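Numbering (this note's numbering), first residue to last: 796 to 1306.
In this text, a Cβ means the ideal position worked out from N, Cα and C, and glycines have one as well.
On a predicted model such as this, the values are computed, not experimentally measured, just so you know.
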């Protein structure tokens, strides 16, 4: 009697004989497998056999993306439109778990309008007829973004929306017609709406989006649990009450229009300064964030919106973890004092202070602790991350002591520098661009150097790293730190700013 073969040996033998084990799977599983492929590749499976001829029509996902081998590179806009239209027409009316439309290609100029021709129809069809639960849209050409004049979202099934490189021109982005919507992410979009409204939204992320430069966009999402606002252009949005908020992350860089070079709190009266006409006489951001449990607020020191909000500072009754950077001490320490006075249950405080040449100047609104009665009884840990322990750090420690914080609760970390991708205008900027005419112009309009290189470095006028001494390296930041920054660049793209920088290349961590 021949011995029994092990199961895995039998399977290997079956594979060796060429038996089609994949076809032994039920249709439902095969359709799930196909749903992970780009739709153009999914359709191609119809030629495998009679059984596969119609499987693609009932896949639970629609992905109009670049297929294997970057097949969209061979397509023109009219070809893409024809394929997607036929795909939607021939597909069975099976509910979609996910619809992803991601087309980004440098089509010829005559094709750009054609590419956007049916985009609105595709989105409406996927949301309304196919009952998509997740929608991801990114359609752009070399020069234009997808314009959505009227929001094509109306579905009781939609739970997740992700928009990238889209122009939203509606007067109001009202998601009330999507009662199940819980996640909304907008990245690199142009938001010209007056309001963003949703009663069901739980998580909202807005990254590198462009808002209106004069009037503020109002965000009304009362059930929000998580909120992220990062590196926006234009005016900071006006946040209405978010009573369920747990975690919030807000980072504003120099692209934000709420900046003023003349006065720490804006409203300097200069017509050419964005500090004028800051908006309503109320808190713009802090009031809406006052219900958060974990809060991270960072911005470029020139952005005044947080400092101005602190004058009408709400009470953060639930706040336990707070992270701030040096905007809270850029003008004087009164902002930090006001925040501490309005965080009665705070447990963890982190302060990230960047290197600076100018000392903190006490203004006419300097802090007064003579009547300080509040003790931060719940505060357990204070982390102060700084370049060096200077006078400002000592003042912060003194202020904390008046709130009942003991020295052993304070951890001071020196030689701290923010991550390269988070460095602001006044420290170091790494820009990537295509230089067509050989000259690169900085923000002040001056040509810093001429090169055909794509990578260049721009220093702010009052940048501390620009200061030099008799040595060969910038005095403010260590040599190893600049080596790390340059290591992220293409080797042939490293250009030296001035003679003291020329020795830095010797320490580059480059392969």
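Tell me whether the beta-carbon of residue i lies closer than 8 Å to the beta-carbon of residue j.
i, j, result
"residue 818", "residue 839", "no"
"residue 1115", "residue 1088", "yes"
"residue 917", "residue 883", "yes"
"residue 998", "residue 969", "no"
"residue 1138", "residue 1111", "yes"
"residue 990", "residue 967", "yes"
"residue 876", "residue 909", "yes"
"residue 1194", "residue 1177", "no"
"residue 1030", "residue 1003", "no"
"residue 932", "residue 949", "no"
"residue 996", "residue 1019", "yes"
"residue 1023", "residue 992", "no"
"residue 941", "residue 911", "yes"
"residue 927", "residue 953", "yes"
"residue 1191", "residue 1131", "yes"
"residue 1180", "residue 1146", "yes"
"residue 986", "residue 934", "no"
"residue 956", "residue 943", "no"
"residue 1142", "residue 1173", "yes"
"residue 1187", "residue 1124", "yes"
"residue 1042", "residue 1015", "no"
"residue 825", "residue 850", "yes"
"residue 946", "residue 984", "no"
"residue 892", "residue 929", "yes"
"residue 1117", "residue 1144", "yes"
Let's test the definition: count the other Cβ atoms within 10 Å of the Cβ of residue i and tell me whether it reaches 16, buried, or not, exposed.
i, result
"residue 1120", "buried"
"residue 881", "exposed"
"residue 1107", "exposed"
"residue 1203", "exposed"
"residue 1258", "Confidence at residue 1258 is low in this model, with a pLDDT of 37, below 50, so the placement of that residue should be treated as unreliable; the coordinate-derived value is given next. Residue 1258 comes out buried."
"residue 860", "buried"
"residue 1006", "buried"
"residue 1008", "exposed"
"residue 1034", "buried"
"residue 1052", "buried"
"residue 1083", "buried"
"residue 1199", "exposed"
"residue 971", "exposed"
"residue 889", "exposed"
"residue 886", "buried"
"residue 1104", "buried"
"residue 1012", "buried"
"residue 835", "buried"
"residue 1133", "buried"
"residue 1080", "buried"
"residue 844", "exposed"
"residue 988", "buried"
"residue 1240", "Reliability fails at residue 1240, whose pLDDT of 35 lies under 50, so the model's placement of it is uncertain and the value that follows must be treated cautiously. Residue 1240 comes out exposed."
"residue 1129", "buried"
Considering just the uninterrupted stretch of the alpha helix (DSSP H) at residue i, what are its terminal residues?
i, result
"residue 915", "914–919"
"residue 1180", "Looking at the DSSP string, residue 1180 is not in any alpha helix (DSSP H); the run it does join, the beta strand (DSSP E), is 1176–1180."
"residue 882", "872–885"
"residue 1186", "1186–1197"
"residue 829", "822–829"
"residue 837", "834–839"
"residue 1129", "1129–1136"
What first and last residue would you give for the beta strand (DSSP E) that runs through residue i?
i, result
"residue 931", "929–935"
"residue 1143", "1143–1147"
"residue 856", "856–859"
"residue 967", "967–969"
"residue 956", "955–959"
"residue 893", "893–899"
"residue 1208", "1205–1208"
"residue 941", "941–943"
Practice prompt. Could you pull out every unbroken beta strand (DSSP E) segment of at least 3 residues lying fully inside the stretch 983–1063, listed in chain order?
Written response: 990–992, 998–1002, 1013–1015, 1021–1025, 1042–1047
Practice prompt. Entirely within the stretch 1074–1124 and at least 3 residues each: give me those beta strand (DSSP E) ranges in chain order.
Written response: 1089–1094, 1116–1120
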